[in-house]
Amino acid sequence: MSKILKKFITFYHKLGSYPWFYKFSGIAIPYVAFISLIPLFIGLGWGIFYSPTDYKQGDVYRIIYMHVPAASVSQSIYYTMTIAAIVSMIWRMKMAGIFIKSMAPIGASFTFLALISGSIWGQPTWGTWWIWDARLTSTLVLFIFYIAIISLYSSFSEKKSADQAVSILTLVGAVNLPIIKKSVDWWNTLHQPSSIKLTESSTISLEMLYPLLLSIIGFYLIVLLSGLMAMRAEIAKREINKEWFKSL
Amino acid sequence: MIKIRRNRLYAVLFIVSSSAVAVGLVLIALNQNINLFYSPSELLESGPLKNKSIRIGGLVEKGSLNRVSDSLEVNFIITDLKEKVAVKYSGILPDLFKEDAGVVATGYYDKNNNSFQAFEILAKHDENYEPKEVVNALEGK
């Protein structure tokens, strides 16, 4: 047990090292890029061209293969940013600040994609592009938090104070996450409850669920890929004048 | 744990819990207003003021949908399986509007004759996704 713990602690310390992460991400990026394409293409292709038509909505339901993965990663990214904010506040680990700075624009993009794809689905099915129900509004709040984090970061010239201020804002925004998740259960909304259930059987047929799960996996891998790339670029930006970077 | 780090941990806990309390209080204060619509039971219990636009949601009662010929006018009943409200609407209905399916109507409630004049009808989709062929086979079409 203590061996595993030691290994984990070593890994944690390595994560904090710029040269190590720069080298590691340089090796990992091509592999992640290749692996992420497989579930993404199979999932989206299967979902859009081969999965069966829905009995009630017809073909418009196929937006689910973009909407659900985008909405899922948009919230997960914020969860990981919250963990990074805690690490950044307590241990002042610089890499945690880089993580938040790099992930915020990715999270904002996927939240935007979830909002837009949901809107395009809502027009034919519900009869409206937008409604101020609890699920849609809390997702919009998530998007605004991402934008606020990005703009707060860019308003500082000193990286250290930027990392601390952004961490605090990230923690405040984390309160919104359980609200998004539970909004469809706590209040009555136009948005339906989740079809994929962890504890009981899902209310989406398996022929539709499998491609959906594949595209969710694909979206997570794309997030991993763009996260690695963004963090690598941010390290290069901060360390451009340092000895170790020049000697590369 | 080093003392300075423990203090920072307290700061983290303080930020999270104070913002959670603040947001929680707002949500409790707004509780009824966050709900998108009233159910027919809630409407009958505490009928809101006349001449104030509200939303009402529930199921379109089976067999209650009645289209007036030569116009866009429709009449139907919204039910929550306990109480019912008669709805009048004139306009185009969304694709998913069907009997026995979820609906949210915006308009004015008249408590005296328990009727609702809607100016917007939205279909509420449920969380069930099924292939067309399977459902047709089950229904024996």
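From first to last, the protein sequence lines are chains A and B. Residue -6 is where the first sequence starts when you use the working numbering, and the numbers rise one by one after that. Residue 10 is where the second sequence starts when you use the working numbering, and the numbers rise one by one after that. For every residue, glycine included, the Cβ atom is placed at its ideal position computed from N, Cα and C.
Chain B beta carbons: is any one of them nearer than 8 angstroms to that of residue 235 of chain A? no
Runs of alpha helix (DSSP H) lying entirely within the stretch 57 to 136 of chain A, each at least 4 residues, in chain order: 57 to 84 and 87 to 118
So, does the CB of residue 167 of chain A fall closer than 8 angstroms to a CB anywhere in chain B? yes
Is the beta carbon of residue 109 of chain B less than 8 angstroms from the beta carbon of residue 68 of chain B? yes
Which of helix, strand or coil does DSSP assign to residue 101 of chain B? coil
Report the CB separation of residue 104 of chain B from residue 130 of chain A in whole angstroms; it is logged as a contact under 8 angstroms. With 8 angstroms as the limit, residue 104 of chain B and residue 130 of chain A do not qualify as a contact, their Cβ atoms being about 25 angstroms apart.
I think residue 80 of chain A touches residue 74 of chain A, with their Cβ atoms under 8 angstroms apart; what is that distance to the nearest whole Å? Not quite, the Cβ-Cβ distance comes to about 11 angstroms (not below 8 angstroms), so this is no contact.
With a threshold of 16 other CB atoms inside 10 Å of the CB of residue 115 of chain B, please say whether the residue is buried or exposed. buried
Identity of the residues DSSP links to residue 76 of chain B by a beta bridge: B:83
Comparing the C-beta of residue 135 of chain B with each C-beta of chain A, is any distance below 8 angstroms? yes
Thinking C-beta only, is residue 161 of chain A closer than 8 angstroms to residue 24 of chain B? yes
With a 10 Å radius around its C-beta and 16 neighbouring C-beta atoms as the bar for buried, classify residue 132 of chain A as buried or exposed. buried
Excluding the five sequence neighbours on either side, which residues of its own chain have a C-beta within less than 7 angstroms of the C-beta of residue 20 of chain B, listed in chain order? none
Just verifying my parser: in three-state terms, what is the DSSP assignment at residue 14 of chain A? helix
Between residue 122 of chain A and chain B, is there a C-beta pair that is closer than 8 angstroms? no
Taking residue 125 of chain B as the reference, give the member of B:48, B:101 and B:18 with the closest Cα. B:48
Can you tell me whether DSSP reads residue 220 of chain A as helix, strand or coil? helix
Spatial neighbours of residue 107 of chain A within its chain, please: C-beta separation below 7 angstroms, excluding the five flanking residues on both sides. 60, 63, 64, 67 and 132
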